[in-house]
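Chemist: Sharing a structure below in structure tokens format, with a few things to ask.
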Amino acid sequence: MKQRIESLISSALHSLVEQDAIPNISAEDIGASLHVERARDAAHGDFASNVALVLAKRAKSKPRDLAETIIAAIAKTDDVEEISIAGPGFINFRITRLSWLSLIEQIRSDAEVYGMSKMGSGQKVLLEFVSANPTGPLHVGHGRGAAYGDALARVLRAGGYQVDSEYYVNDAGRQMDILALSVWLRYLQQENPAVEFTPNGYQGDYVVEIAGKLKEKVGDQFRNYSDDFFSDLPEDGDAAVDLLVERCKQTLGVADFKILFDQGCDALVEDIRQDLAEFGVEYQGWFSERSLVTNGAMEKSIAVLEQNGHVYEKEGAKWFRATDFGDEKDRVVMRANGSHTYFATDLAYHFDKGERGYDRLLDVFGADHHGYIKRIKASFEALGHPPDKLDILLVQFAILYRGKEKVSMSTRGGDFVTLRELRDEVGNDAARFFYALRKPDQHMDFDLDLAKSQSLENPVYYVQYAHARICSVFRKIEEKGMPGLQSASPDYTLLVEEQELGLVQTLARFPEVVESAARSLEPHQVAYYLRDLAAAFQSYYNAHPFLSSEDNLRLARLGLIDATRQVIVNGLNLLAVSAPEQM
RNA sequence: GCGCCCGUAGCUCAGUUGGAUAGAGCGUGCGGCUACGAACCGCAAGGUCGGAGGUUCGAAUCCUUCCGGGCGCGCCA
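Count the first sequence with the numbering used here and you get residues 835 to 1417, in order.
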């Protein structure tokens, strides 16, 4: 409907430009300055445009006069009942009732496709999100990234993009070594409780569990522990843990250490995969960081950087000249000791993604990684990819509270609330909707006690309840043997109530909401829309009966709520929330 | 110290890319179930859009500055 108005104005402007009726305005200006919005106040009509205000200055005429000219040039159609000028020069449109009502049948025949758009014209998008290190189970902070990323993937698909989502698995590096060490020590403690635990190790109970599995697999084979393992440790916890990792590798040897390492890594990746799947999050790909090293991709990317002249050596290390691309300082890719940095694999990963034939790359990062964005984009450009092909989106942190008390979320300390706990506590639907209700760049206060106590007040139930009520009406129709929608085609002109028109107009917004959410990468718009839609329905439901109305009117009303049901389902699907027929 | 994000009703948050009288939910007060599910509906109170300047027909939205909060600034990942 909105598009219809836009094209009306657009063609009017084009013909005016051709006739030279408005000075200083060219055909190119039209697209940029043309905006149509829903009128906020019904007294203004249904849609409003401010083109006249925008163009007036350039055209050297008064906005209201220009509006007059534009209106005169707009072609007459059956859809538009009235066009008027208001305020400083807004052009207001009123759509005919019949035109609104015709939407009901359109929704019912489009069914699950209603709201889907071709806006993205099949562009290929690679969306990476969560990508948490497999050093522990996902916590509620990761849950936010998961809910956002997955909803974004769904919204983009609805917007006509072809989206693959991917999880980058950090299955290498120091943190993972520390995890392996932690597992080993827990394994030793099973037999000998006197064995100490490492400072700065992973303290969560899940490590003990993994150690148990390790025991099942290797038996006592890894028990060659000597009592001086913990001797002469440096004061500093980080240095100490690094030394212990070294000793662990020496004690076990390369092959056995790898078995140990994989035991921890595989268990946690599998745990994360399951957790996310249960949360409704499916990935098309899981990309291994380690593979970049073993298959030479990392070395190749660094070689490309060197060929392009963006690498230099200093103090024995290889540096990427990130400052040439706007970063604050240059960044090390290869350390003086010959090992690569995390950044080296990450730039190789983005190089790889850039080569895979996608039109657009999206990364969703936690806000704690914002310092990282510049160097990633810098390296991406230095490797020869167009910088605006890659967008890095930030999801702000969820700050956790238990009541008034702030809860830290350290994976190492083992003191965190897992996503799984949250899901068990409030359910997947409530958790998904709760996350979906905030835009990503909003800091989020997540009070766990409140989340639990309010689980019944979660707006998700409000939306689901509207759906269940509609289904219930249809069940009743069936029970009482009343004629249903299959019996005849409804006469929608019988719908004359204020709430009925309001509901149809809300239904009409859905495609606009989907497009807007996809364009601005903000799936939360869908969540807010669904609440509005549910409210429009509940208000209608309370004001007017279905069963007791006259046969033809009832049929028309059933058609309207059937369309409503369809849009609720389509919308909830975008958030991976279920639409139960009974609650 | 430097950089990124945020500040809107008592609380939690929206605000259609600069539009008309700033909106929801929760909470508070009042009212509403005898063909449909009260997990609902209706009405009301509640605001210096953190403060101050600026840009223009027009600012919660853009710019400057200050205040307050979150997060980052390693040859860690």
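Even glycine gets a Cβ: it sits at the ideal position worked out from N, Cα and C.
#1: Mark Ser1016 as exposed unless 16 or more other C-beta atoms lie within 10 angstroms of its C-beta, in which case mark it buried.
#2: Does the distance from the C-beta atom of Glu962 to that of Tyr1002 stay below 8 Å?
#3: Based on the DSSP secondary-structure assignment, which residues constitute the bridge partners of Leu1195?
#4: Which residue's Cα is closest to the Cα of Tyr982: Gln996, Thr969, Val964 and Arg991?
#5: What whole-angstrom Cβ distance do Phe1214 and Leu1224 have, given they're in contact under 8 Å?
#6: Suppose you measure from the CA of Ala985 to the CA of Arg1353; what does that come to, to the nearest Å?
#7: Given this structure, state the Cα-to-Cα distance separating Ala861 from Arg1272, to the nearest angstrom.
#8: Between which residues of its own chain and Glu1334 is the CB-CB distance below 7 Å, once the five residues before and five after are set aside?
#9: Going by other Cβ atoms of all chains shown within 10 Å of its Cβ, with 16 needed for buried, is Ser1173 buried or exposed?
#10: Could you work out which residue in Val1307, Ile1402, Ala1370 and Val1347 is closest to Ser1382 when comparing CA atoms only?
#11: Which of helix, strand or coil does DSSP assign to Asn1026?
#12: Quick one: using the 10 Å Cβ neighbour count with 16 as the cut-off for buried, is Arg1343 buried or exposed?
#13: According to DSSP, which residues form a beta bridge with Lys1148?
#14: Is the beta carbon of Val1360 less than 8 Å from the beta carbon of Gly993?
#15: Measuring alpha carbon to alpha carbon, tell me which residue in Tyr1021, Asp1164, Gln1009 and Leu1364 is nearest Val1052.
#16: For Trp1120, list the residues DSSP reports as bridge partners.
#17: Round the Cβ separation of Pro1234 and Val1251 to the nearest angstrom and send it over; I've been treating them as touching at under 8 Å.
#18: Could you name the residues of the same chain whose beta carbon sits closer than 6 Å to that of Ala1014, not counting the 5 residues immediately before and after it, in chain order?
#19: So, for Ala907: in the same chain, excluding its five sequence neighbours on each side, which residues have a beta-carbon less than 8 Å away from its beta-carbon?
#20: So, are the CB atoms of Asn858 and Lys894 less than 8 Å apart?
#21: Identify which residue in Ala1201, Ile1044 and Tyr1183 has its Cα closest to the Cα of Glu1000.
#22: Roughly how many whole angstroms lie between the Cα atoms of Gln940 and Lys896?
#23: Return the CA-CA distance between Phe927 and Leu1392, expressed in angstroms with no decimal places.
#24: Just to confirm before moving on: does the CB-CB distance between Ala909 and Leu842 stay below 8 Å?
#25: Looking only at C-alpha atoms, which of Gln1009, Ser1321 and Ala1216 sits nearest to Phe1154?
#26: For my contact list, Arg872 and Asp880 are in at a C-beta cut-off of 8 Å; report their separation, rounded to the angstrom.
#27: Looking at the strands, I want to know which residues DSSP matches up with Leu1420.
#28: Alpha carbon to alpha carbon, what distance is there between Ala1028 and Asp1061?
#29: In terms of DSSP beta bridges, what is Glu916 paired with?
#30: Go through its chain and collect everything with a Cβ distance to Ala1101's Cβ below 6 Å, but skip five positions before and after it.
#31: Residues in its own chain within less than 7 Å of Arg838 by CB, not counting five upstream and five downstream?
#32: Please classify Ser1440: does DSSP put it in a helix, a strand, or coil?
#33: Going by other Cβ atoms of all chains shown within 10 Å of its Cβ, with 16 needed for buried, is Asp1005 buried or exposed?
#34: Go through its chain and collect everything with a Cβ distance to Val888's Cβ below 7 Å, but skip five positions before and after it.
#35: For Tyr1326, collect the residues of the same chain with a Cβ closer than 8 Å to its Cβ; drop the 5 residues on either side in sequence, then sort them by chain order.
#36: With a threshold of 16 other CB atoms inside 10 Å of the CB of Arg1165, please say whether the residue is buried or exposed.
Modeler: Based on what the coordinates show:
#1: buried
#2: yes
#3: Leu960 and Leu1224
#4: Val964
#5: 5 Å
#6: 13 Å
#7: 39 Å
#8: Tyr1374 and Leu1394
#9: exposed
#10: Val1307
#11: coil
#12: buried
#13: Ala1151
#14: no
#15: Tyr1021
#16: Tyr1001
#17: For clarity, residue 1234 is Leu in the given sequence; the question names Pro instead. Indeed they touch by this definition, with Cβ atoms about 6 Å apart.
#18: Leu1094, Phe1095 and Gly1098
#19: Ala846, Leu847, Ser849, Leu850 and Ala855
#20: yes
#21: Tyr1183
#22: 41 Å
#23: 29 Å
#24: yes
#25: Ala1216
#26: 7 Å
#27: The shown model of the chain, from 835 to 1417, leaves out residue 1420, and the question about it has no answer.
#28: 10 Å
#29: Arg928
#30: Ile1044
#31: Asp913
#32: Lying outside 835 to 1417, the shown extent of the chain, residue 1440 is not represented and no answer is given.
#33: buried
#34: Ser867
#35: Leu935, Ser936, Ile938, Glu939, Ala1390, Gly1393 and Leu1394
#36: buried
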